[in-house]
Amino acid sequence: MRKPIIAGNWKMNKTPAEAKALVNELKPLVKEANATVVVCVPAVDIYAVKEAIKGSNIHLGAQNVHFKESGAYTGELSAAMLKEAGVEYVIIGHSERRQYFGETDATVNLRTLAAVKAGLTPIICVGERKEEREAGYTNALVEYQTLIALNGLTEDEIKNVVIAYEPVWAIGTGLTATDEQANETIGVIRAAIARKYGKRVGNAVRIQYGGSMNPKNVKGLMAQPEIDGGLIGGASLKAPDFSQVVNYDK
Ligand code: PGA
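Just so you know, the sequence shown maps onto residues 0 to 249 in numbering that gives the first Met the number 0.
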């Protein structure tokens, strides 16, 4: 009953001209998709991609959003700016933002609140580092990251957010969590949401897996009952690869 959602995270790749070319190649390849299809693009590509996806089933996403409405925050973008530019989804708290740009669970929460208030759907990233998994902290950590991120949202708002479980050790490394590991940890996240906000909310939230998801491993991961989609980095940069992930059920 949860509609799968496959989102590409282009990271710092593709100029506007390259973005337009990629989306134009992608459109016919994904037009029959059963999943929701999203591309999360660099900010300068938003306009080109918005024009290119018109009339298609591809949805537009951004990769970050600031939590203030406006003001002296050089280099940042507000939720209202993204919304007016045609953005529907926004990645929040990606591990690269946490690792290289000092983002914390507290700011992830503020960004989430700002995004929802502006009518954007956040894709909130959580996940453990290798040493945290080895030390046995995975479940406690992802529960904590998730509940802090959602703090202050209403139950109805929480039903509409997307969470991406991305083990940090699996991002861009070619290592993937096993189907069972990913399913188990996503189950832990869902159970934590259900404990705090009720079963109906827990059952409604879409939780993706992310971390080296590709055409080869997508079927196994998507066959797991808790996994509702994927956040795809490397494999989203080539239309044939991304479309195979999107069409995992064909
Ligand atoms: P990857 O990236 O698919 O290249 O591992 C996933 C992500 O960072 O969202």
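Quick reminder that beta carbons are idealized off the backbone N, C-alpha and C, glycines included.
Check                                                                                    : Outcome
8 angstroms Cβ shell around Lys82 - same chain, five flanking residues per side excluded : Ala117, Gly118, Leu119
Whole-angstrom distance between Ser211 and Val22, CA atom to CA atom                     : 21 angstroms
Residue-level contact to chain C via CB, Gly118, 8 angstroms cutoff                      : The question asks about chain C, but that chain is absent: this structure has only one protein chain.
Span separating the alpha-carbon of Thr145 from that of Lys198                           : 16 angstroms
N- and C-terminal bounds of the beta strand (DSSP E) containing Val86                    : Careful: Val86 lies outside any beta strand (DSSP E) and carries neither H nor E.
Cβ-heavy atom distance, Gly60 to the ligand PGA, below 7 angstroms                       : no
Assigned exposure category for Lys129 - 16 Cβ within 10 Å defines buried                 : exposed
Rounded distance between the beta-carbons of Ile5 and Val36, thought under 8 angstroms   : 6 angstroms
For Ala34 and Asp178, the rounded distance between their alpha carbons                   : 19 angstroms
Ile4 CB to nearest heavy atom of the ligand PGA below 7 angstroms                        : no
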